[in-house]
Every structure is written in structure tokens, then in C-alpha cells.
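Protein chains: 2
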Amino acid sequence: MPTDHATDRNAFEDDAREAVYRAIFGRRDVRSHFVPGAIDDAVLARLLLAAHHAPSVGYMQPWDFVVIRDAARRQKVRDLFLAARQQELPLMADDRQALYRMLKLEGICESALNLCVTCDRRRAENAPLGRSRNPDMDLFSTVCAVQNFWLAARAEGIGVGWVSIFDTPALKALLKIPDHIVPVAYLCVGKVLEFAPRPDLEARGWGQRLPLASLIMSEVFGGEGEVSLKQAVEATMPE
Amino acid sequence: MPTDHATDRNAFEDDAREAVYRAIFGRRDVRSHFVPGAIDDAVLARLLLAAHHAPSVGYMQPWDFVVIRDAARRQKVRDLFLAARQQELPLMADDRQALYRMLKLEGICESALNLCVTCDRRRAENAPLGRSRNPDMDLFSTVCAVQNFWLAARAEGIGVGWVSIFDTPALKALLKIPDHIVPVAYLCVGKVLEFAPRPDLEARGWGQRLPLASLIMSEVFGGEGEVSLKQAVEATMPE
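Protein sequences appear in the order of chains A and B. For the first sequence, position 15 (counting from the first letter as 1) is numbered 19 according to the working numbering, and the numbering increases by one without interruption. For the second sequence, position 86 (counting from the first letter as 1) is numbered 90 according to the working numbering, and the numbering increases by one without interruption.
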């Protein structure tokens, strides 16, 4: 498929390239499929190393990783989730509330461990390269670390679910997170029965995957998009 | 390496797992190594499909992708970068300014194309699942799409660099981005001479990779961290 030497030399062989896409297309936000079983330290170490190799603005590496295993603490975190879920429910359109109530949205207690990935906003205060004009860039770098962790976990057969339904100040108090540190992601991590063929929210009828071609524009926002690229997108399906 | 059946069944074979780590550890923020050469539509389509398979809060898929090729427009984008860089320079510590001036921080004009990945904050207004308590979650989902694109590009032998040194309102005006849309990432995308063995900012002495074990905590922020996990981290190096 590569068409010239510059690409040939730097591209992965076909099998390796397919493996990367397999992780990307097969990754799931796991809530329902956790099964008992500890994660080996060696596996968790590789996942954290993958996270640590994310890009970061100005090479600031603003992340920390808090591993949470204690059952009582996790129960308190889950209580925060349940309270926030109750507050979120009335914000859903009327015809969505019944479905919302039925959705399983976290695996806090039944996963092998929880991981809070945080962002230290002061880590490179004296050299804010790339961040002075876009102060959120350190948060975005931390999200890149989360996505690396998630994809590596898929390859290791480990499920990850990101829970965002929390009151942040309450979560910070529970985990003793200082003011200048932001809890970017609260992850449930564990072995799984399976990786579902489709995202849960699609399978449950909450939403459908948008047609990608409709999201591609050219030159400016709203620009029509290139016909040949849109055709190529329509011809390309996840393997 | 897998130690029980649940992991065995869901983990990739060793070669495929290694390929995922190879993309993660070998990905670079490319600024200096772009070479001429168009990207095939089929390749770009796969990268966009990878981005589109990112996780998104409440399955909202808030992203759009603006492909920018026009040389005159790119020159104007680069002018915005140059202006923002001048404004950013005095914020660096005195002993960093000379080095900052020497760093190449973008490949806007010499890459094959630019890609602005945006976030539509209104896309799922009537069903803000997972976003009511953490309003930035839609931006974070968009960052996950960027990281998927970046890793898929590494596997395809395509370099990607994220430029964040812009005045956002000026960039929005130039790309005709409506108020409720946020330009999350401005990417330079193209063929490369090579993927450097180390991040540019490390090779140029701007920063060093932090020791991962020092970033791992247990139970609460600042919690000591598990000895066996830290030992496993220290025994694990990128392949």
C-alpha cells in the first residue's frame, strides 16, 4: 500500500501496522465486562510506561498516577459517582432519562484497580513552552497519556473505563489532591470477559457512530471537503 | 508473560502487542524532519478513521477535521505562530530564552498538509452524559482522537507535529471557526526523513524524561507508591 520510498522506509510492516489499528478499533470503554483477577505488576508497569511516553507540551510530563486498590476508598468514590449521576439525570432530554437510568457507567468496585491520572499545572512554571497561549495544553498532554495507557491495555487484554461523572472538588478531597493538581481521568482497570464488538452506548441505543465523511472539511471550518478523500474514507472500514 | 486464562484470551499475540508499544514508544512530535511527498488519500483516510474511533464522553464524537493544504493560508497560520512565539519568549526563564530561540517548533509550511482537529461543544446538548460535572470532557475526547491519529500515523510512517503556539481567536478567525467550536489541535502532517530516536526537546537539552517511579503514588495523592510496582517499572524499558 505504501507508494514511495520515504513512506516505505518509515512505515511498519503490514502485520505490525494492522496490530496498531486493531488496538485502536478494538479498544472499549469498559463498564460491564470486568472479571476478577489481579493485574501483574509487570503488565501494569508497561501500561504506565506507555502513558509516560505520551507527547507533552514543552516536554513537561505533567502527569502523576495514583493507584487505588482499597475497597473502602473505592466504595466512597462510587458513592460520589452515584450522587453525581443523580444530579446529571435531570439534564438529559426527557426521552433519554429512562435509558440513562439503565446504563451501567462504571466498574469502580469490581475492576482490579482504579487509577487516577492527574495533571500538575505547576510542573514547568519557569518554561511554559507551548502553553502560554493555550493554558489547557498541559491537561491535553495528560489526556494523551490516558489514551496511550488505554491502547496499550487493549493489547495486553486489560479493560479500561473512564469515569467522568464526579463532583471534582469532592473527588479531590477524597484523594487528597492539592489545589494545583487536576484529576484529569479516573480509570477503572481490570481483566475482562471480552471486549465488546461495539461500544456499549451504541449497542444500548444511546447513540450511533457518525458518518466520518460528514466530519471532514477543507481549508476552513465548513469547507466542503475533498471529494477524493471522502471517497477514500467511505471505502475504508475498520478491519 | 500472561499469567491466567482471562488475560490469555483477550491479549494480543506477542508480536502484535509489541507493535502497539513500538508505535507508542516510537511516536515523535515532528518539527524538523518533514520531507516532500503527498500522503495518499487511502492513508489519510485510515488515519482519520483511527481518530474517529477514539473514546468520547457520552458517545458524542465532538470532533471535526479541517484539512488545510493551501500554501498562502498556511503562510498566514505560520505568521500567527511567529507572532505568538515572540510573545511567549519573554515568559521563559532567562537561562532558557537563548535555547528557546533556537528550537524549531513547527513544520507548518513544509509538511504535506495541516489538520485542525476541532471540538463542537454543542454536539450532544440534549444528552450531556458524563459531561455535566466535568465540562471539559468533550475537549478531552477530542484529544483522544488526536492521539489515535498520531499513533496510527507512526505505524504508517507519517510524521505529526502538534503546534500550540497560537493566539486562539486569531486562528479561529483565519480558519472561520464558529464561536462554539474549539480548535483543540493544529497538526502538521507529512512524510519524514526519519523518526528521531529521542524527543527533540530532550535531544536539544530542553528537558529530560522524568523517572516514572517518582510519578507513581498509592491510594491518595502523595501516597508512597507500591514497592513491587515501582520495581517492576524500573525493570521495564521501552523496547
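Backbone N, C-alpha and C define an ideal beta-carbon position, used for all residues, glycine too. Keep in mind the model is a prediction, meaning the values are calculated, not measured.
Cβ-Cβ distances below 7 Å link Lys176 of chain A to Pro187 in the same chain, with the five nearest sequence neighbours on each side left out; the list follows chain order. Along the region 182-197 of chain B, the positions whose C-beta sits under 8 Å from a C-beta of chain A are Pro182, Ile185, Val188, Ala189, Lys195, Val196, Leu197, read in chain order. Annotation: Asn14 of chain B to Thr172 of chain B spans about 43 Å, alpha carbon to alpha carbon.
Look at Val147 of chain B: its C-beta is under 8 Å from a C-beta on chain A. For Tyr190 of chain B, the enclosing beta strand (DSSP E) covers residues 185-195. Cβ-Cβ separation between Gly30 of chain B and Phe199 of chain B: approximately 6 Å, consistent with a contact (criterion under 8 Å).
Gly163 of chain A is positioned such that its CB atom lies closer than 8 Å to that of His37 of chain A. Rounded to the nearest whole angstrom, the CA to CA distance from Thr240 of chain B to Val24 of chain B is 16 Å. Put simply, the backbone Cα of Asn152 of chain B is about 8 Å away from that of Leu51 of chain B.
Arg35 of chain B sits close to Leu109 of chain B, with the two beta carbons spaced by under 8 Å. Within chain A, the residues Tyr63 have their CB atoms less than 7 Å from the CB of Pro203 of chain B, given in chain order. For chain A, the residues of the region 91-103 of chain B that bring a beta carbon within less than 8 Å of one of its beta carbons are Gln91, Glu92, Leu95, Met96, Ala97, Arg100, in chain order. With respect to the 8 Å criterion, Val147 of chain A and Met221 of chain B are not classified as neighbours on the basis of their beta carbons. Nearest to Met141 of chain B by C-alpha distance, out of A:Ser168, A:Leu155, A:Ala116, is A:Ser168. At a C-beta separation below 7 Å, Ala88 of chain A has these neighbours in chain B: Arg137.
Closer than 8 Å to the CB of Leu214 of chain A there is at least one CB belonging to chain B. Taking a beta-carbon distance threshold of 8 Å, Asp18 of chain A does not count as an interface residue toward chain B. Between the alpha carbons of Ala49 of chain B and Lys234 of chain A lies a distance of about 8 Å.
For Ile43 of chain B, the CB contacts under 8 Å within the same chain, skipping 5 residues up- and downstream, are Ala116, Leu117, Ile162, Val193, Gly194, Lys195 in chain order. The C-beta of Glu160 of chain B comes closer than 8 Å to at least one C-beta of chain A. For the beta strand (DSSP E) assignment, the uninterrupted runs of no fewer than 3 residues enclosed by the region 197-232 of chain B are, from N- to C-terminal side, 220-222.
It is roughly 10 Å from the alpha-carbon of Val61 of chain A to the alpha-carbon of Ser136 of chain A. In chain order, Met96, Ala97, Arg100 make up the part of chain B whose C-beta sits under 7 Å from the C-beta of Ala131 of chain A.
With a minimum length of 3 residues, the unbroken runs of beta strand (DSSP E) contained wholly in the region 51-96 of chain A fall at 67-72. The C-beta separation of Asp33 of chain B from Pro203 of chain B comes to about 7 Å, placing the pair in contact by the 8 Å criterion. Within 10 angstroms of the beta-carbon of Pro215 of chain A lie fewer than 16 other beta-carbons, which makes it exposed. For Val39 of chain B, no alpha helix (DSSP H) run applies, since DSSP gives it neither H nor E.
Under the Cβ distance rule, Ala75 of chain B does not count among the residues neighbouring chain A, no pair being separated by less than 8 Å. DSSP, reduced to helix, strand and coil, places Val164 of chain B within a strand of the structure shown.
In the DSSP assignment, Thr122 of chain B falls within the unbroken beta strand (DSSP E) covering 117-124. Rounded to whole angstroms, the separation of the alpha carbons of Gly227 of chain B and Pro139 of chain B is 28 Å. Around Ala157 of chain A, the same chain offers Leu51, Val164 as residues with beta carbons nearer than 6 Å, after the five sequence neighbours per side are excluded. When C-alpha distances from Gln65 of chain B are compared across B:Ser232, B:Ala236, B:Arg127, the shortest belongs to B:Arg127.
Straight through space, the alpha carbons of Glu238 of chain A and Glu129 of chain A are spaced by roughly 45 Å. Excluding five sequence positions before and after Val47 of chain B, the CB atoms of its chain that fall closer than 8 Å to its own CB belong to Glu160, Ile162, given in chain order. Per DSSP, the continuous alpha helix (DSSP H) segment holding Thr172 of chain A begins and ends at 172-178.
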